[in-house]
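Scroll down for the structure; my scribbles are underneath it.
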Amino acid sequence: MSSLSVSHTTLAMDLVPNPVLELKNISKIYQGRTVVDNLSLQIGAGEVFGLVGPNGAGKTTLMKIIAGLSQPCSGRLTIFNRDGLAERAQLKPLIGWVPQDNNLERELTVREALALYARLFAARPFQPRVQQIMTEFNLESIGERRIELLSGGMARRVLIARAILPEPKLLLLDEPTVGLDPDVRQDIWQLIRSLAAQGKTIFMTTHYMDEAEQLCDRLALLKAGSLLMTGTPAAMKSMAEGKPHSAVTLEAAFLRLIRRGAE
Amino acid sequence: MMGWFVVYYRELILMKKKMGKLGYVFSSVMFPVIYLFAFSWGLGSRLEISGGYIPYLAKGILGITVMLNAFQQTSLSVSVGRMYFKTLQTLILSPIPLIQVAGGLVLAGATRGLLLGGVVYGIAWLIFAVPGLNGAALCGVILAAFFFAALGLVVGLWVAEPDDLSLVNNFLITPMIFFGGSFFPEQHFPVFVRELIAILPLSLVNSLLRLPVWEEAALLKAAGLLVFSCLMLWLGARKLALYSE
């Protein structure tokens, strides 16, 4: 078997010195189906890490396990050197969660929603922090608009702003640009880049290979709950083609690896 | 700001937004008000009850209003927030201890029950000149609000789909409305039915609501409701701690 081949046995988890997030043999079985299968992964401080894979690969479930919204059936989760399951209460202020769907309270205005979350997440001092975030995220013009009236792009912007309010160190983004037009996607990418530049560790899922290539330092390829590979986008392309400098697009590499992983 | 208060504050803001919609208040008080008029006019002159049937009925309807609004507001808002809008995720992920999250949600449901109960009893007072509430009745109505809001929290976290809510409504809430002594005294019911319904929470509330004076038996009933409420609150916090999507 070639060292570049993709298989469950050769596959390798990149080891990171002083990881801020470490998953060890995490499994989740939901309604009799294995959604995450014995998965191990390490993410370093300040990394932008992307989780890619086809629909139903277990990306969102894995994200929810890290966020604390889903309990794994087995395995160990370590976040900032703390037990991610037993010490969840201490970890909550350090993790920001941006879900795929808009889960903001629809009846509230943007300003009311952010003020409420600032209180819920004890982001002090409340009002100055809300004002700062609204300015930073360019939300002032829509401050009095009700959440239910926001466009998809604006709602996503507010969701990210909300997650940033308590100044988390680890930001979890589940499909941050799904369903958005190219212009708004660029806008969200810029936002993610600026958060990464502030030193935040970002763990995101995406279906878009251009997004993964543009934003992520490293990627993990997931299929049917199993990890197929981890590496930089360039490494993923090399692995797909079996040579060091590959000219294929990340999307083509993704498809090859997924199909090869199925063989 | 205390964690439970932030959750309570959140619920009150959302409630205030909804209260602004006319249909929300009307749909919440319409059902009890219809019963108040229908039973007053239909049975008022036929039932011999010490103190009069209409004051008896008004207190029964007060209990029902508090129960329905505290239970339904909490169970619906929690279940919809959990299953559809995913707004519950925010509370689960917030650093507020989950017992305080549960406490805030229950307190908000209880507030709504008490507010709308007050509106309905106010209507009865204005139209039928029913008397005010004594200490035992106030205690009963407050405990009813807490118990049914806490029950709503547990049910809201337990149901797998909205149909399950109607299951609880049909098999627990509706029988309590008709057998719990809200509309008429249960003295003509078969003995075994009376013994069974005596321990229903709404029956305990109704007996507290109608006590002329505070007595030892009332203390027992109030303590029973308080224990039930604390148990439900604890169960709710436990369900929140075991939350998993």
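Protein chains in written order, with this note's numbering: chain A, 1 to 263; chain B, 1 to 245.
The beta-carbon is built from N, C-alpha and C at its ideal position, and this holds for glycine as well.
Supposed close pair residue i, residue j - CB separation, criterion 8 Å
| i | j | result |
| --- | --- | --- |
| Ala144 (chain B) | Val66 (chain B) | 5 Å |
| Leu221 (chain A) | Gly53 (chain A) | 6 Å |
| Gly113 (chain B) | Asn69 (chain B) | 4 Å |
| Met209 (chain A) | Glu251 (chain A) | 4 Å |
| Pro233 (chain A) | Ala212 (chain A) | 6 Å |
| Glu105 (chain A) | Ile164 (chain A) | Rounded, the Cβ-Cβ distance is 18 Å, inconsistent with contact. |
| Glu302 (chain B) | Ser151 (chain A) | The displayed coordinates of chain B run from 1 to 245. Any statement about residue 302 (chain B) would go beyond what the structure contains. |
Contacts around residue i, its chain only, beta-carbon distance under 6 Å, and the 5 residues preceding and following it disregarded
| i | result |
| --- | --- |
| Arg162 (chain A) | Tyr117 |
| Lys239 (chain B) | Leu157 |
| Ile99 (chain B) | Ala237 |
| Ser229 (chain B) | Phe146, Phe147 and Ala150 |
| Tyr53 (chain B) | Gly44 and Leu47 |
| Met176 (chain B) | Leu200 and Leu202 |
| Trp214 (chain B) | Gly135 and Ala136 |
| Leu4 (chain A) | In this prediction, Leu4 (chain A) has a pLDDT of 37, which is less than 50 and means its spatial position is unreliable; nothing more can be read from the coordinates. |
| Ala253 (chain A) | Met236, Lys237 and Ala240 |
| Leu11 (chain A) | Interpretation of Leu11 (chain A) is limited by its pLDDT of 47, a score under 50 that renders its predicted location unreliable; the figure taken from the coordinates is listed afterwards. Cβ within range, chain order: Met229. |
| Ser79 (chain B) | Gly156 and Val159 |
Nearest-angstrom Cα separation, counted from residue j out to residue i
| i | j | result |
| --- | --- | --- |
| Phe37 (chain B) | Ile61 (chain B) | 11 Å |
| Gly311 (chain B) | Ile92 (chain B) | Any question about residue 311 (chain B) goes unanswered here, given that chain B covers just 1 to 245. |
| Gln42 (chain A) | Ala237 (chain B) | 32 Å |
| Arg82 (chain A) | Asn134 (chain B) | 54 Å |
| Lys169 (chain A) | Leu159 (chain A) | 16 Å |
| Ile127 (chain B) | Gln31 (chain A) | 56 Å |
| Leu215 (chain A) | Arg156 (chain A) | 17 Å |
| Pro95 (chain B) | Leu149 (chain A) | 29 Å |
| Ser2 (chain A) | Leu94 (chain A) | Model confidence at Ser2 (chain A) stands at a pLDDT of 35, short of 50, so the residue's coordinates are unreliable; what they give is reported in the following sentence. Taking the straight line from one Cα to the other gives about 41 Å. |
| Ser226 (chain A) | Leu23 (chain A) | 13 Å |
| Tyr56 (chain B) | Thr74 (chain B) | 28 Å |
| Ile65 (chain A) | Leu235 (chain B) | 23 Å |
| Thr349 (chain A) | Phe192 (chain B) | No statement about residue 349 (chain A) is possible, as the shown extent of chain A runs from 1 to 263 and does not include it. |
| Ser40 (chain B) | Ile34 (chain B) | 10 Å |
| Glu11 (chain B) | Ala108 (chain B) | 6 Å |
| Arg193 (chain A) | Val178 (chain A) | 17 Å |
| Leu15 (chain A) | Ala89 (chain A) | 27 Å |
| Gly103 (chain B) | Met232 (chain B) | 11 Å |
| Ala136 (chain B) | Ala217 (chain B) | 11 Å |
| His8 (chain A) | Asp101 (chain A) | For His8 (chain A), the pLDDT reaches just 40, beneath the cut-off of 50, and the residue's location in the model is therefore unreliable, although a value from the coordinates is still provided. Spanning the two alpha carbons is a distance of roughly 32 Å. |
| Ala249 (chain B) | Leu172 (chain B) | Residue 249 (chain B) is absent from the structure shown; chain B starts at 1 and stops at 245. |
| Arg210 (chain B) | Val29 (chain B) | 21 Å |
| Trp189 (chain A) | Glu136 (chain A) | 15 Å |
| Pro212 (chain B) | Gln72 (chain B) | 30 Å |
| Leu9 (chain B) | Pro190 (chain B) | According to the sequence as given, residue 9 (chain B) is Tyr; it is not Leu. Rounded to the nearest angstrom, the two C-alpha atoms are 46 Å apart. |
| Leu14 (chain B) | Gly140 (chain B) | 27 Å |
| Phe5 (chain B) | Val101 (chain B) | 9 Å |
| Lys264 (chain A) | Leu180 (chain A) | Nothing can be reported for residue 264 (chain A), as the shown portion of chain A is limited to 1 through 263. |
Counterpart residues of residue i in DSSP-defined beta bridges
| i | result |
| --- | --- |
| Phe121 (chain A) | In the DSSP output, where bridge partners are listed per residue, Phe121 (chain A) has none listed. |
| Gln100 (chain B) | None, per the DSSP bridge assignment. |
| Asp83 (chain A) | A:Thr78 |
| Leu221 (chain A) | A:Val52 and A:Met229 |
| Pro19 (chain A) | A:Gly44 |
| Ile64 (chain B) | None; Ile64 (chain B) has no bridge partner. |
| Leu39 (chain A) | A:Ile26 |
| Ile202 (chain A) | A:Val48 and A:Leu171 |
Close Cβ partners of residue i (< 7 Å) along its chain, the five nearest in sequence each way excluded
| i | result |
| --- | --- |
| Lys221 (chain B) | Leu204, Ser207 and Leu208 |
| Val6 (chain A) | Bear in mind that the predicted position of Val6 (chain A) carries a pLDDT of just 43, short of 50, making it too unreliable to give a figure here. |
| Ile26 (chain A) | Val36, Leu39, Ile65, Pro72, Gly75 and Leu77 |
| Lys59 (chain A) | Leu51, Gly53, Thr205 and Leu222 |
| Arg145 (chain A) | Thr109 and Val110 |
| Pro32 (chain B) | Ile61, Ile64, Thr65 and Val120 |
Sequence-distant residues of its chain with Cβ nearer than 8 Å to residue i (five each side left out)
| i | result |
| --- | --- |
| Gly288 (chain A) | Given a span of 1 to 263 for chain A in the structure shown, any question on residue 288 (chain A) remains unanswerable. |
| Arg194 (chain B) | Glu186 and Gln187 |
| Ala115 (chain A) | Phe126, Gln127 and Val130 |
| Gly231 (chain A) | Asp14, Arg218, Leu219 and Met239 |
| Pro17 (chain A) | Gly44 |
Check: residue i C-beta below 6 Å from any heavy atom of the ligand FAD
| i | result |
| --- | --- |
| Leu22 (chain B) | This structure lacks the ligand FAD; in fact it carries no ligand of any kind. |
### Message
At a CB distance below 8 Å, what residues from the segment 97-114 of chain A approach chain B? Give them in sequence order.
### Response
Trp97, Pro99, Asp101, Asn103, Leu104, Glu105, Arg106, Glu107, Leu108 and Glu112
### Message
What are the residues in the segment 82-93 of chain B lying within 9 Å of chain A by C-beta distance?
### Response
Phe85, Lys86, Thr87, Leu88, Gln89, Thr90, Leu91, Ile92 and Leu93
### Members of the segment 152-170 of chain A that neighbour chain B once the beta carbon cut-off is set at 9 Å
Arg162 and Pro166
### Query
What residues in the segment 47-66 of chain A have a beta carbon less than 7 Å from any beta carbon of chain B?
Lys64
#### Entry: Under 9 Å (Cβ pairs) to chain A, residues found in the segment 179-208 of chain B
none
#### Entry: Residues, ordered as in the chain, of the segment 89-120 of chain B that lie near chain A by beta-carbon distance below 8 Å
Gln89, Thr90, Leu91, Ile92, Leu93, Ser94, Pro95, Ile96 and Pro97
### Task
Give, in chain order, every residue of the segment 83-96 of chain A whose Cβ lies closer than 8 Å to some Cβ of chain B.
Ala89, Lys92, Pro93 and Ile95
### Query
Which residues, in chain order, does the segment 70-82 of chain A contribute to contact with chain B at a C-beta distance below 8 Å?
Ser70 and Gln71
### Message
Along the segment 121-136 of chain A, where does the CB come closer than 8 Å to a CB of chain B? Name the residues.
### Response
Phe121 and Ala122
#### Entry: Selection of the segment 9-42 of chain B by Cβ proximity to chain A, strictly under 8 Å
Tyr9, Arg10, Ile13, Leu14, Lys17 and Lys18
### Task
Could you name the residues of the segment 218-231 of chain A whose beta carbon sits closer than 7 Å to any beta carbon of chain B, in the order they occur along the chain?
none
### Query
If contact means a Cβ-Cβ distance below 9 Å, which residues of the segment 215-245 of chain B contact chain A?
Leu242, Tyr243, Ser244 and Glu245
### Query
Of all the residues that make up the segment 241-257 of chain A, which are near chain B by a beta-carbon distance shorter than 7 Å?
none
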